[in-house]
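For the sequence shown, this note's numbering gives the first residue as 11, with consecutive numbering after it. Have a look at the structure below before the remarks.
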Amino acid sequence: NPSSLILSAAMMLDYIGWSEAASAVTRALETTVAERTVTYDLARQMEGAKQVRASEFAEAIVAHL
């Protein structure tokens, strides 16, 4: 699950003063999870989740940016 890496990148963006970009990344991640498009580790704990590979999860996040 690349969520921690993606959120770390958002924290880095916020640290360097790119708060708008950091917020966009965070919102995109939240939207993707809210749509239940997640990797195996989360899908097995979410009813009705769509399980995807890590690369597909990242692509879904990018699509929400």
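Note that beta-carbon positions come from the ideal geometry of N, C-alpha and C, so glycine has one too.
Identify whether residue 62 lies in helix, strand or coil by the three-state DSSP scheme.
coil
Decide yes or no for the touch test of the segment 50 to 60 against the segment 30 to 40: beta carbon pairs closer than 8 Å, at least 3 of them.
no
Which one or two residues does DSSP pair with residue 47 in a beta bridge?
60
Contacts around residue 26, its chain only, beta-carbon distance under 8 Å, and the 5 residues preceding and following it disregarded:
none
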